[in-house]
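Peer 1: So for the sequence shown, this note's numbering puts the first residue at 97; every next one is plus one. Every residue gets a Cβ at the ideal spot worked out from N, C-alpha and C, and that includes glycine.
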Amino acid sequence: METSLFSYANGSGIYMGIAEDLTKLEQMLADLVLRYEQYFTGLEKREPLSLRAEVEKAVRQYTGVPINNTMFKHKFTTLVGRFNTYREHWNRVLRLMEEGKYSRDRFISDLHQRQRAAHPPAKAEASRPDPDKEVERVYREYCEARKSCNLPVDTVSRDQIRAAIEKHKPALKGKLGSDSLTFRVVVEDGKPKIKAGLKK
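1) When every heavy atom of the ligand ADP is checked, does at least one fall within less than 7 Å of the C-beta of R148?
2) Helix, strand or coil, according to DSSP, for K169 in the structure here?
3) So which of A259, V282 and S274 has the shortest CA-CA distance to T166?
4) Kindly list the residues whose CB is nearer than 8 Å to the CB of V231, restricted to its own chain and excluding five residues on each side of it in sequence; keep chain order.
5) Count the other CB atoms within 10 Å of the CB of H170; is the residue buried (16 or more) or exposed (fewer)?
6) Would the stretch 186 to 200 and the stretch 275 to 284 be scored as touching if the rule is three or more Cβ pairs under 8 Å?
7) Mark C239 as exposed unless 16 or more other C-beta atoms lie within 10 angstroms of its C-beta, in which case mark it buried.
8) When the Cα of L139 is compared with those of V283, G113, L130 and L247, which residue comes out closest?
9) What span of residues does the alpha helix (DSSP H) with G270 cover, start to end?
10) To the nearest angstrom, how far is it from the Cα of K229 to the Cα of P288?
11) Who are the Cβ neighbours of A220 in its own chain at under 8 Å, not counting the five residues just before and after it?
12) With a threshold of 16 other CB atoms inside 10 Å of the CB of A149, please say whether the residue is buried or exposed.
13) Which of the three DSSP states is assigned to A222 in this structure?
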């Protein structure tokens, strides 16, 4: 037994704006972290103040604005928390530089420690199940189906796929009588659709 989940006829959706904004914010923050690391290690001569101002502006854009989608709200909160943590760290290092107590070698050593903590050995990572594995598979299949129908794929994101799946799971569980669900992509009437069914 299967039921149709959703279909992007034109690749747009109610959360398209915030999805794109959060993806852009995530990319800018990653770039800002890298630029500060380069600045503190001497590879960059100037503090990346303009990029930092852009990130702060992007954060302010949704601060205090109600985000009804749970996934996007969680992602925004996570990004803001990450930015605030980094900002405190950068300000602390900048104060040490002003006071003449800054050690570039110490910063590099601390940086390597943080990187090791953030990226444990590959064997340990492989042993953990990947909760996004099915979302990634469905996303790739959906993009391939859109290409086969001569539809654009640059307006479809993993976040949209994940949001649609999570939104419909409770209803699908009630309709199919189980939460052991699997999703597949089909093309009907020239349009890709994602359908849900029970795992065999």
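Peer 2: Working from what's here:
1) Ligands in the displayed structure: none, and consequently the ligand ADP is not present.
2) Note: K169 maps to helix in three-state DSSP.
3) Comparing Cα positions, the closest option is A259.
4) Within the same chain, Cβ atoms closer than 8 Å to the Cβ of V231 are found at R254, I257, R258 and I261, the five residues on either side in sequence being excluded.
5) With fewer than 16 Cβ atoms within 10 Å of its Cβ, H170 is classed as exposed.
6) These segments do not touch.
7) Buried is the call here.
8) The shortest Cα separation from L139 among V283, G113, L130 and L247 belongs to L130.
9) For G270, the uninterrupted alpha helix (DSSP H) segment begins and ends at R254 to L272.
10) The straight-line gap from Cα to Cα measures roughly 20 Å.
11) With a pLDDT of only 46 at A220, under the threshold of 50, the placement of this residue in the model should not be trusted; the figure read from the coordinates follows. Once the five neighbours on either side are set aside, A220 has no close Cβ partner at all.
12) The residue is exposed, with fewer than 16 neighbouring Cβ atoms inside 10 Å.
13) Interpretation of A222 is limited by its pLDDT of 48, a score under 50 that renders its predicted location unreliable; no figure is taken from the coordinates.
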